[in-house]
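Participant: As they're listed, the protein sequences go chains A and B. The letter at position 217 of the first sequence is residue 217 when you use my numbering, and the numbering goes up by one with no holes. The letter at position 178 of the second sequence is residue 412 when you use my numbering, and the numbering goes up by one with no holes. Pasting in a structure now, in structure tokens, and then I'll have a few things to ask.
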Amino acid sequence: MRTPKNRDETDDAEVIPPLTLAIPDGPLRRDETGDARLVERARNGDDDAFALLVARYERKLLRVLTRMVHDEELARDLSQETFWKVYNRLDRFDTSRRFGPWLFRVGVNLALDGLRKKPPPATTSINVRSETSGRRGFDLPDPDPRIREEIAQEVRFLLEKLPLPYRTILVLRDLEGFSSAEVAAIVKRREATVRWRLAKARELFREHWERRDSAAGRPNVEETPALEEVDDAS
Amino acid sequence: MRRNGCKSARLRLPLLAGGELLGSERREIERHVIGCNDCRHRLESLRNALRVLNVAAQSVPVRPDAPSLWPELSRQMRESRRPVPTPWASRFAWPITGLAATLVLAVGTMLITRPTPAHRPETTVTEKPQVVVNTPQVVQNDSSEESDDSPDLEPPRRDSSQRPRPLTRFSSDPADTQLTH
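Here it is, written out as structure tokens:
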């Protein structure tokens, strides 16, 4: 069991800002150095250091997991489990590597485990009101929040139809803005593999989106190729 | 030739649409798209799909007032450090088991190493000779009609429920006795 370190020792090493001050949402790289130091301190029983790591990543992790499982409460439980798992495995973490991708890998794997046990979604489409289905709201640089929310809802529905590996890549790369290298570190695949999966995932999403457009009575841009064609070529 | 060019380009169009294609590869695909109507339409369609994803990305799925995970986590951490109180039964399980094992061993050892007597006298059953008395038994009659001086020579019928009388009777005349088995 970890023994808590003397508070005076830790305070000398680094002054910890209050939790409310630091909740970065930016790229993971920004706090990598700090992360390694915080992990070291947390290993030595400094709970404040771990609290800061939680504050840094909890919102981003919650967002990623909510986009994956489409259930905020479940995503919350998964995030909690992720941090708890990470806390118990801090001793195994290699501080020369980056903390963020490791944390997200644990979280994404937990979400994937949960999704594999879940039954597949129903095939009926959600109701999109005529004001969004009749025009391309996404062409607007800053669409109305209501339209944006409806588009987001439709995207969530379409994402559920994608196979899990493609959905994961699309969520991490196109919805959450992780770089290809970060996605590769999270899903533990080579960057080249991630790029091909990303290409396939976008192609699949485009196909579903246009099918939805056709169902709404809009002309399709062109015939969509089968995914097998892409698979064969790669 | 053109067909192969389209096939190869279409694999890379999603990356070109997202801006992930760089260098000579990018230039090659861009050149192809300029000359190929189908691929140009496909690229435009992909860009639209990416715009949709971009709009969806702006919609944050987590409530802004969602509470932090830390309070629950810190409670979990504190509880994990607290020594778990062992229940009474499991606390005394080992001493009780040890004591029981010691007792079993002690009894077993005693039984095995108990000294057996060197010579035990044999117990033989010897049959004692039964003495049958032929003399008629004098049955006392309590009835008032019969007098004590007129004995009944008939032996009384033995009731099976009555306790058997001893077989040995000593008569006054030793000549009347005989050994029977």
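Every residue, glycine too, gets a C-beta built ideally from N, C-alpha and C. Note that the coordinates shown come from a computational prediction; the quantities given were computed from them, not determined experimentally.
Since residue 104(A) is in the alpha helix (DSSP H), which residue starts that stretch and which ends it?
Facilitator: Start and end: 99-117.
Participant: Counting contacts by CB-CB distance shorter than 9 Å, is residue 254(B) in contact with chain D?
Facilitator: The structure shown contains no chain D; the protein chains it does contain are A and B.
Participant: How would you call residue 201(A), buried or exposed, if buried means at least 16 neighbouring beta carbons within 10 angstroms?
Facilitator: Under this definition residue 201(A) is a buried residue.
Participant: For residue 132(A) and residue 157(A), what's the separation of their Cα atoms in angstroms?
Facilitator: Unreliable placement is indicated for residue 132(A), whose pLDDT of 41 sits below 50; no coordinate value is reported for it.
Participant: Classify residue 257(B) as helix, strand or coil using the three-state DSSP reduction.
Facilitator: Note: residue 257(B) maps to helix in three-state DSSP.
Participant: Check for me: the alpha helix (DSSP H) holding residue 50(A) runs from which residue to which?
Facilitator: Residues 47-69.
Participant: Buried or exposed: where does residue 242(B) fall if 16 or more other Cβ atoms within 10 Å of its Cβ makes it buried?
Facilitator: Residue 242(B) comes out exposed.
Participant: Alpha carbon to alpha carbon, what distance is there between residue 162(A) and residue 270(B)?
Facilitator: Answer to the nearest angstrom: the Cα atoms are 29 Å apart.
Participant: Measure the C-alpha to C-alpha separation of residue 67(A) and residue 155(A) and round it to an integer number of angstroms.
Facilitator: Looking at the two C-alpha atoms, the distance is approximately 10 Å.
Participant: Using a Cβ-Cβ cut-off of 9 Å, state whether residue 105(A) counts as contacting chain B.
Facilitator: False, the Cβ-Cβ gap to chain B never drops below 9 Å.
Participant: Can you give me the C-alpha to C-alpha distance between residue 172(A) and residue 284(B), rounded to a whole angstrom?
Facilitator: Approximately 14 Å, taken between the alpha carbons.
Participant: Using beta carbons (cut-off 9 Å, strictly below), is residue 62(A) in contact with chain B?
Facilitator: Output row for residue 62(A): interface = yes.
Participant: Using a cut-off of 7 Å between C-beta atoms, extract the partners of residue 95(A) located in chain B.
Facilitator: The contacting residues do not exist; residue 95(A) stays about 20 Å from chain B at best.
Participant: Hey, residue 74(A) and residue 107(A): beta-carbon distance below 9 Å or not?
Facilitator: In this structure, residue 107(A) does not lie closer than 9 Å to residue 74(A) by Cβ.
Participant: Using 8 Å as the threshold, is the region 202-212 of chain A in touch with the region 276-295 of chain B, meaning 3 or more CB pairs across them?
Facilitator: Touching, per the Cβ criterion.
Participant: Between residue 305(B) and the rest of its own chain, which residues show a CB-CB distance below 8 Å, the 5 nearest in sequence each way excluded?
Facilitator: Excluding positions up to five away in sequence, the list is empty.
Participant: With a cut-off of 9 Å, does the C-beta of residue 341(B) fall near any C-beta of chain A?
Facilitator: No, residue 341(B) lies away from the interface with chain A (no Cβ there is under 9 Å from its Cβ).
Participant: List the residues of chain A that residue 294(B) touches, going by C-beta distances under 7 Å, in chain order.
Facilitator: Simply 63.
Participant: Drop a sphere of 10 angstroms on the beta-carbon of residue 245(B), count the other beta-carbons inside from all chains shown, and report buried for 16 or more, exposed for fewer.
Facilitator: Label assigned to residue 245(B): buried.
Participant: Measure the alpha-carbon distance for residue 329(B) versus residue 337(B) and round it to whole angstroms.
Facilitator: About 12 Å.
Participant: Please report how far the alpha carbon of residue 164(A) lies from the alpha carbon of residue 112(A), in whole angstroms.
Facilitator: Computed Cα separation, rounded: 7 Å.
Participant: Alpha carbon to alpha carbon, how far is residue 184(A) from residue 176(A)? Give it in angstroms, no decimals.
Facilitator: Rounded to whole angstroms, residue 176(A) to residue 184(A) spans 14 Å at the Cα level.
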